[in-house]
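Colleague: Would you mind keeping the following structure in view while I ask a few things?
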Amino acid sequence: MKAAVVGGGAAGFFLAINLKEMCPQMDVTILEASHHVLAKVKVSGGGRCNCTNSFEEVRDLQNVYPRGHRLLKRLFKQFDHRDAYQWFESRGVKLVTQPDHCVFPQSQDSQTIINLFLNETRRLGVTIKTGCRINSLDELSDYDFIAITTGGMNSHSSLTSHLSPLIPPVPSLFTFNIEEQALRDLMGTVVEATAMIPGTKMRASGPLLITHWGMSGPCILRLSSYAARLLSENNYQMPLSVNWTQLKENEVQQELLSFCRQYAQKQLPTMRPFDLPQRLWNYLTEKALAGRARAPWGSLNQKELNRLTNSLINDTYQIAGRAPFKDEFVTCGGIDLASVNPSTLESREHPHLYFAGEVLDIDGVTGGFNFQAAWTTAYAVATAIAAASVQG
Numbered sequence: 001m002k003a004a005v006v007g008g009g010a011a012g013f014f015l016a017i018n019l020k021e022m023c024p025q026m027d028v029t030i031l032e033a034s035h036h037v038l039a040k041v042k043v044s045g046g047g048r049c050n051c052t053n054s055f056e057e058v059r060d061l062q063n064v065y066p067r068g069h070r071l072l073k074r075l076f077k078q079f080d081h082r083d084a085y086q087w088f089e090s091r092g093v094k095l096v097t098q099p100d101h102c103v104f105p106q107s108q109d110s111q112t113i114i115n116l117f118l119n120e121t122r123r124l125g126v127t128i129k130t131g132c133r134i135n136s137l138d139e140l141s142d143y144d145f146i147a148i149t150t151g152g153m154n155s156h157s158s159l160t161s162h163l164s165p166l167i168p169p170v171p172s173l174f175t176f177n178i179e180e181q182a183l184r185d186l187m188g189t190v191v192e193a194t195a196m197i198p199g200t201k202m203r204a205s206g207p208l209l210i211t212h213w214g215m216s217g218p219c220i221l222r223l224s225s226y227a228a229r230l231l232s233e234n235n236y237q238m239p240l241s242v243n244w245t246q247l248k249e250n251e252v253q254q255e256l257l258s259f260c261r262q263y264a265q266k267q268l269p270t271m272r273p274f275d276l277p278q279r280l281w282n283y284l285t286e287k288a289l290a291g292r293a294r295a296p297w298g299s300l301n302q303k304e305l306n307r308l309t310n311s312l313i314n315d316t317y318q319i320a321g322r323a324p325f326k327d328e329f330v331t332c333g334g335i336d337l338a339s340v341n342p343s344t345l346e347s348r349e350h351p352h353l354y355f356a357g358e359v360l361d362i363d364g365v366t367g368g369f370n371f372q373a374a375w376t377t378a379y380a381v382a383t384a385i386a387a388a389s390v391q392g
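Under UniProt numbering, think of the first position of the sequence shown as 1, with each following residue one higher.
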């Protein structure tokens with residue numbers, strides 16, 4: 001029997017390797033449209049490849065998989081992050097878990113993962129064909145099984161567009177352009193913050209990095225994932241609210257009043273609440289109080305305290321476009337999950353046609369979750385094809 005894996009990325013290689021291990025007699029071929037395989041793996045994680053996550057702080061999969069969490073909850077029973085960790089280590093790739101729960105190869109080099117995949121395909125006898133663009137299933141009539149692993153937005157070709165209901169793909173992991181120069185002047189500043197899209201329930205917390213173009217960091221990347229489709233529909237022109245303290249209004253007010261009493265004779269710039277970076281504190285006081293930004297704490301009246309509180313917990317900006325996160329491009333959208341068998345990822349319309357990886361309408365926040373989705377869906381498809389090949 002013969003199986004074609006269309007797409008030479010992370011999901012495609014993981015699928016092909018596992019399928020060949022399960023079915024040594026099967027002829028497994030990876031068909032890659034470009035002349036380079038595993039290109040996305042090479043640049044992921046800043047060239048280090050954040051290959052999974054420990055999931056230790058994940059209480060609800062929806063928090064890390066805005067789309068596809070229900071399907072993944074089922075598939076994780078077959079192959080989850082613990083299985084992925086063991087899979088790599090059993091093949092000689094030592095992994096390390098960082099304090100933020102991201103998992104990387106000990107080498108801190110994505111080439112380690114690439115070398116493993118290339119060596120495994122070579123050892124098992126998986127055929128790799130590059131420069132091989134497939135536009136129709138008719139071109140694959142010689143194969144008994146077909147797995148589509150063509151990736152996200154840049155890879156949705158005419159092949160996927162007519163195979164199954166396709167949810168239009170849009171970017172889902174990006175940073176925000178903010179045109180306020182006074183904010184950009186704070187580039188390099190990192191703060192634990194909460195960001196949200198006003199008028200929605202979409203919010204995210206974590207380190208927020210101010211950049212020379214606007215905002216980045218895990219907080220913003222998560223919010224971009226949660227609000228991916230909404231932002232796309234609004235052409236990435238939407239309001240943004242930042243709570244620089246992650247506290248409630250009354251808690252902030254109480255702390256400011258405490259400073260007014262305790263540091264009555266001290267000027268605002270000299271005593272910073274909430275351990276805010278000095279440059280950010282100066283910026284926020286100027287924004288809220290203008291000419292009174294250097295006033296003594298004890299001289300602030302209630303209106304000024306209210307303005308300062310609002311600047312701390314509801315600092316508003318206008319998103320003016322998006323920028324990619326490093327060289328990583330993640331999309332939401334893809335093959336509608338309702339059109340595939342949730343256990344095997346086989347197309348409901350085309351027998352022996354399967355989908356894995358980002359070509360599906362599954363995407364996660366930053367932190368190794370997208371690669372884990374690739375490993376999990378690829379393993380599920382490999383298992384399904386192996387079982388189907390035995391049945392005949």
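Quick reminder that beta carbons are idealized off the backbone N, C-alpha and C, glycines included.
No experiment lies behind these values; they were computed from the predicted model shown.
Nearest to Ala39 by alpha carbon, out of Gly151, Glu120, Glu139?
Modeller: If we check each option's Cα against that of Ala39, Gly151 comes out closest.
Colleague: Given Leu284, which residues of its chain have a CB within under 6 Å of its CB, disregarding the five upstream and five downstream residues?
Modeller: Within the same chain, Leu284 has close Cβ partners Ser311.
Colleague: According to the neighbour-count rule (16 or more other Cβ atoms, all chains shown, within 10 Å of its Cβ), is His156 buried or exposed?
Modeller: Caution applies to His156, whose pLDDT of 45 falls short of 50 and renders its modelled position unreliable; the value that the coordinates give is listed next. Result: buried.
Colleague: Leu72 and Thr376: beta carbons closer than 8 Å?
Modeller: In this structure, Thr376 lies closer than 8 Å to Leu72 by Cβ.
Colleague: Within the same chain, show all residues whose beta-carbon is closer than 6 Å to that of Ala288, passing over the 5 residues directly before and after it, in chain order.
Modeller: Only Arg307, Leu308, Ser311 meet the Cβ criterion.
Colleague: Does the distance from the C-beta atom of Ala193 to that of Gln246 stay below 8 Å?
Modeller: Contact: yes.
Colleague: Among Leu186, Ala384, Thr383, Phe369, which residue has its Cα nearest to the Cα of Val64?
Modeller: For Val64, the nearest C-alpha among the options comes from Phe369.
Colleague: For Thr331, report the span of its beta strand (DSSP E) as first-last.
Modeller: From DSSP, the beta strand (DSSP E) with Thr331 extends over 331–335.
Colleague: Quick one: give me the first and last residue of the beta strand (DSSP E) that Ala147 is part of.
Modeller: Per DSSP, Ala147 belongs to the beta strand (DSSP E) from 145–148.
Colleague: On the premise that Ser389 lies in contact with Cys23, defined as a C-beta separation below 8 Å, what is that separation, rounded to the nearest angstrom?
Modeller: Their Cβ separation, rounded to whole angstroms, is 6 Å, which keeps Cys23 and Ser389 in contact under 8 Å.
Colleague: According to the Cβ coordinates, are His352 and Phe145 closer than 8 Å?
Modeller: Yes, these two residues count as a Cβ contact at 8 Å.
Colleague: What residue from Glu233, Ile335, Leu137, Leu240 has the CA that sits closest to Val6's CA?
Modeller: When each option's Cα is compared against that of Val6, the closest is Leu137.
Colleague: Relative to the C-alpha of Arg67, which candidate in Gly333, Arg348, Glu120 has its C-alpha closest?
Modeller: Selected option, being the one with the closest Cα: Gly333.
Colleague: Flag this pair as touching only if the region 34–49 and the region 335–349 have three or more C-beta atom pairs under 8 Å; answer yes or no.
Modeller: With a cut-off of 8 Å, the region 335–349 and the region 34–49 do not count as touching, because too few Cβ pairs lie within range.
Colleague: Could you name each continuous alpha helix (DSSP H) segment of 4 residues or more that falls completely within the region 233–297, going from the start of the chain to the end?
Modeller: The region 233–297 contains these whole alpha helix (DSSP H) runs: 249–262, 278–289.
Colleague: Kindly indicate the opening and closing residues of the beta strand (DSSP E) around Ala4.
Modeller: Taken as a continuous stretch (DSSP letters only), the beta strand (DSSP E) holding Ala4 covers 2–6.
Colleague: Are Leu124 and Thr189 touching if we call contact CB-CB under 8 Å?
Modeller: Not in contact: Leu124 and Thr189 (Cβ atoms no closer than 8 Å).
Colleague: To the nearest angstrom, how far is the alpha carbon of Val28 from that of His101?
Modeller: Cα to Cα, the separation comes out at about 34 Å.
Colleague: Using alpha carbons as the reference points, say which of Ile362, Gly367, Phe371, Ala386 lies closest to Arg70.
Modeller: The residue with the shortest Cα to Cα distance from Arg70 is Ile362.
Colleague: Could you tell me which whole beta strand (DSSP E) segments of length 3 or greater appear in the region 303–376?
Modeller: Complete beta strand (DSSP E) runs here, min 3: 315–324, 331–335, 353–355.
Colleague: From the DSSP secondary-structure annotation, give me the bridge partner or partners of Lys129.
Modeller: Paired residues: Leu31.
Colleague: Is it the case that the Cβ atoms of Thr175 and Ser216 are separated by a distance below 8 Å?
Modeller: Yes; because the gap between Cβ atoms is below 8 Å, this pair is in contact.
Colleague: Please determine, among Asp142, Ala374, Arg272, Arg48, the residue with the shortest C-alpha to C-alpha distance to Ala3.
Modeller: It is Asp142 whose Cα lies nearest to the Cα of Ala3.
Colleague: Starting from Gln14, trace the alpha helix (DSSP H) in both directions and tell me its first and last residue.
Modeller: Going by the sequence as given, residue 14 is Phe instead of Gln. That run of the alpha helix (DSSP H) goes 10–22.
Colleague: Please tell me whether Ile210 and Met187 are closer than 8 Å, where the distance is taken between their beta carbons.
Modeller: It is a contact, given that the beta carbons lie within the stated cut-off.
Colleague: Per DSSP, what kind of secondary structure is Val37 in: helix, strand or coil?
Modeller: In this structure, Val37 counts as coil in the three-state DSSP scheme.
Colleague: Going by DSSP in three states, Ser216 sits in which element: helix, strand or coil?
Modeller: Here Ser216 sits in strand by DSSP.
Colleague: What does the alpha-carbon distance come out to for the pair Glu251 and Thr316?
Modeller: Near 20 Å, if we compare the C-alpha coordinates of Thr316 and Glu251.
Colleague: Taking just the CA atoms, how far does Ala10 sit from Phe76?
Modeller: Approximately 18 Å between the Cα atoms of the pair.
Colleague: Which residue's Cα is closest to the Cα of Leu223: Lys201, Asn235, Trp213, Trp244?
Modeller: Comparing Cα-Cα distances from Leu223 to each of Lys201, Asn235, Trp213, Trp244, the minimum goes to Lys201.
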